[in-house]
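J.: Following this message is one structure expressed as structure tokens.
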Amino acid sequence: MPDLIPFARPFPVSRVSSVSFDMHLEANEDERRALAGFWEVESVESLAGDLTISPWRRDGVRVRGEVAAHLTQACVVTLEPIESDIVEAIDATFLPENSKHFRRQTNEEGELVIDPDGPDEPEPFTGGEIDLGALVAEAIALSIDPYPRKEGAALPETPAEAEEEEEERPASPFAALKDWKGGSGNES
């Protein structure tokens, strides 16, 4: 069973009426500490989202908004702390998995067919809730730099890389003259 995202905000779908409404989500200190471990970063100083929740089709839910996080990671070269601000837009739709509007296109073999240039398919949900916290945390997680590098930090050159670099350099046009001059001037 996969680890559960440590920022849960179950939202009862029955609250969605014919009018959209706004919701603010913010992670507390314990959730930020748990998210830091979950995302494998040094610390999460803030995580918040401002979302608009509205009905979609007859039985679905659409969630749009913006999420932001401030976190600290370790540089992959120097291990010094690097602070990052991440801001992401969210636009997701959800449908009950038994909805008549929920159709997945499949080919003859039963494989799912996805148009990479088309709109995103609605996400199925079971029961009467969707987890808005997981949606917010996932949007941030997908934007975290997996290999953060402090500006100007470079890995030390290994002897093998120095040799390869030397071999890749084109020969100087004067290198042939150096050999020629040394061989012809000492023949007397």
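With full-length UniProt numbering, letter number 69 in the sequence shown gets 69, and the count goes up by one each step, no holes. Ideal placement from N, C-alpha and C gives every residue a C-beta, glycine not left out. Values in this document were obtained by computation on a predicted structure and should not be read as measured data.
When the distance is taken between beta carbons, is L47 closer than 8 Å to R57?
T.: Residue 57 sits at position 57 when you count from the first residue of the sequence shown. Residue 47 sits at position 47 when you count from the first residue of the sequence shown. Contact: no.
J.: Starting from L35, trace the alpha helix (DSSP H) both ways and give me its first and last residue.
T.: For the purposes of this step, residue 35 is taken as residue 35 along the sequence shown, with counting starting at 1. That run of the alpha helix (DSSP H) goes E29 to W39.
J.: Tell me whether G133 sits in a helix, a strand or coil according to DSSP, three-state version.
T.: Your numbering for residue 133 matches position 133 in the sequence shown. Helix, per DSSP.
J.: Could you give the first and the last residue of the continuous beta strand (DSSP E) run that contains A153?
T.: To locate residue 153, count along the sequence shown from 1; it is residue 153. Neither: A153 is in no beta strand (DSSP E) and is coded neither H nor E.
J.: Cβ atoms of V44 and A69: under 8 Å apart, would you say?
T.: Locating residue 69 in the sequence shown gives position 69, counting from the first residue. Locating residue 44 in the sequence shown gives position 44, counting from the first residue. Taking 8 Å as the Cβ cut-off, A69 and V44 qualify as a contacting pair.
J.: Let me know the secondary structure DSSP gives E111 once reduced to three states.
T.: Counting from 1 along the sequence shown, the entry for residue 111 is found at position 111. Reduced to three states, the DSSP call for E111 is coil.
J.: Could you tell me the alpha carbon to alpha carbon distance between S17 and F7, rounded to whole angstroms?
T.: Translated into the one-based positions of the sequence shown, residue 17 becomes position 17. Translated into the one-based positions of the sequence shown, residue 7 becomes position 7. Taking the straight line from one Cα to the other gives about 25 Å.
J.: Leaving out the 5 sequence neighbours to the left and right, which residues in its chain are closer than 7 Å to F21 when beta-carbon positions are compared?
T.: To locate residue 21, count along the sequence shown from 1; it is residue 21. Closer than 7 Å at the Cβ level, and outside the excluded window around F21, lie I53.
J.: Within 10 Å of its beta-carbon, does M1 have 16 or more other beta-carbons around it, so buried, or fewer, so exposed?
T.: In the sequence shown, the residue the question calls residue 1 occupies position 1. Reliability of the predicted coordinates at M1 is poor, the pLDDT of 32 falling under 50, and no value is obtained from them.
J.: State the beta-bridge partners of L25 as determined by DSSP.
T.: Position 25 of the sequence shown, counted from the first residue, corresponds to residue 25. DSSP output for L25 lists G49 as bridge partner(s).
J.: If contact is defined by three or more beta carbon pairs under 8 Å, each pair taking one atom from either stretch, is the stretch 87-95 in contact with the stretch 118-129?
T.: Yes, the stretch 118-129 is in contact with the stretch 87-95.
J.: Assuming E129 and F11 form a contact by the criterion Cβ under 8 Å, report the distance between their Cβ atoms to the nearest whole angstrom.
T.: On the sequence shown, position 129 is the one that residue 129 refers to. On the sequence shown, position 11 is the one that residue 11 refers to. Between F11 and E129 the Cβ distance is about 6 Å, and since that is below 8 Å, they are a contact.
J.: Less than 8 Å between the beta carbons of V136 and V67, yes or no?
T.: Here residue 136 corresponds to residue number 136 of the sequence shown, with the count starting at 1. Here residue 67 corresponds to residue number 67 of the sequence shown, with the count starting at 1. Their beta carbons are under 8 Å apart, which means V136 touches V67 by this criterion.
J.: Using only alpha-carbon positions, find the residue among T72, S143 and R15 that is nearest to S84.
T.: The sequence position of residue 84 within the sequence shown is 84, counting from 1. Nearest option by C-alpha distance: T72.
J.: Is the CB-CB distance between L132 and R9 below 8 Å?
T.: Along the sequence shown, one-based indexing puts residue 132 at 132. Along the sequence shown, one-based indexing puts residue 9 at 9. Taking 8 Å as the Cβ cut-off, L132 and R9 qualify as a contacting pair.
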